[in-house]
Amino acid sequence: MAQPLPLTGVVVTRDEGDRIARCLRPMLALCKEVIVLDSGSTDDTVAIARSLGAQVEHQEWLGYASQKNIAISRASQPWVLLLDADEWLEAPAQQALRALFESGAVDAADAWLLRRRAHFLGHRMRGGGFAREPVPRLFRRHLRHEIRPVHERLDTRGQRVAISGIGIEHEIARSGDEHWRKLQGHARLWADDQADRGRVALPGRGTLAATAYLLKHLLLRLGVVDGRPGLRFHLIQARYARLKYRLLRDAA
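For reference, each letter of the sequence shown is one residue, going 1 to 252 in UniProt numbering.
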């Protein structure tokens, strides 16, 4: 049996019982420890995680960035692999991650960008910016996320950042309605934060943002290759881009 890597797997959860096992099993096969920080699940998320061998701890919800930072702070290993509960590593990614450590190449950087591929309602995206989105999910344990209400980002200023070919699979949502509800919440958090910073939305800014999004992801990044599922996904995302600025205008 392969030895575990000097790696702490970190997952932040709430009511993810239907998909937490898919996320945790590859991490448990790779990592010396796996920490699940749960914010009050009412389903069987906690029971499943514990039965698989993860270390489960509780923390009331403090926000996306703060929640992840608390989980990272509890890591005992020098490296952290951070996944969301709706993400997972397939076999080639697991092999590539192990090779990165066993070759010693991992020490060439402080944070590694992994390639995240979106799955939308059963369709694995092949084009658009969500097909191979670079995200910093493998990093040394001293790193933390910038505190922001939504779209949290790992603070890599002054750090060595490298990109890998290791892939993360990401199930965007269980349904189109669920996805839109989540985006509405994100839009509100973003708009309130921007309004607090004194930003205002100029007339037509939302329409411009939506149009720019569609041009970028459907045409420049070839999202059209995903056909009808891809079109539906990108139209929802463009709607989200427009909603953010409408909410910002209303908050002024």
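Beta carbons: idealized from backbone N, C-alpha and C, even for Gly.
Comparing alpha-carbon positions, which option in 175, 17, 169 and 250 lies nearest residue 229?
175
Could you compute how far the alpha carbon of residue 152 sits from the alpha carbon of residue 137?
12 Å
Decide if the stretch 48-59 is in contact with the stretch 129-148; the criterion is three or more beta carbon pairs, one per stretch, under 8 Å apart.
no
From 140, 216, 178 and 215, pick the residue whose C-alpha is nearest to that of residue 77; which is it?
Measuring from the Cα of residue 77, the nearest candidate turns out to be 140.
With DSSP as the reference, please indicate the residues paired to residue 38 in a beta bridge.
13 and 58
Near residue 58, which residues of its chain fall below 8 Å by C-beta distance, leaving aside the five closest residues on each side in sequence?
37, 38, 39 and 40
Quick check: the Cα distance between residue 246 and residue 238, rounded to an integer number of angstroms?
13 Å
Looking at the unbroken beta strand (DSSP E) that takes in residue 139, where does it start and where does it end?
133-140
My output table needs one value for residue 8: the three-state DSSP class, helix, strand or coil.
When DSSP states are grouped into helix, strand and coil, residue 8 belongs to the strand group.
Cα separation between residue 23 and residue 181?
Computed Cα separation, rounded: 23 Å.
Would you mind stating whether residue 187 and residue 249 have Cβ atoms separated by less than 8 Å?
In this structure, residue 249 does not lie closer than 8 Å to residue 187 by Cβ.
Using the Cβ count rule (16 or more neighbours within 10 Å means buried), how would you classify residue 42?
exposed
Would you list the one or two residues that DSSP bridges to residue 167?
115
Below 8 Å between beta carbons: does that hold for residue 13 and residue 75?
It is not a contact, given that the beta carbons lie outside the stated cut-off.
Tell me the DSSP bridge mates of residue 123?
120
Which of the three DSSP states is assigned to residue 154 in this structure?
Three-state result, residue 154: strand.
Taking the DSSP output, what are the residues bridged to residue 145?
154
If you measure between the beta carbons of residue 209 and residue 241, is that distance less than 8 Å?
yes
Helix, strand or coil for residue 235 per DSSP?
Taken through DSSP and simplified to helix, strand or coil, residue 235 comes out as helix.
Alpha carbons only, please: which of 216, 110, 207 and 222 is nearest the one belonging to residue 244?
Here the closest residue by C-alpha is 207.
Since residue 180 sits in a beta bridge, which residues does DSSP pair it with?
Answer by DSSP bridge pairing: none, since residue 180 is not bridged.
Closest to residue 20 by C-alpha separation, out of 67, 87 and 80, would be which residue?
87
Does the beta-carbon distance from residue 134 to residue 163 come in below 8 Å?
In contact: residue 134 and residue 163 (Cβ atoms closer than 8 Å).
State the beta-bridge partners of residue 80 as determined by DSSP.
8 and 139
Distance check for residue 125 and residue 215, CA to CA, integer angstroms please.
17 Å
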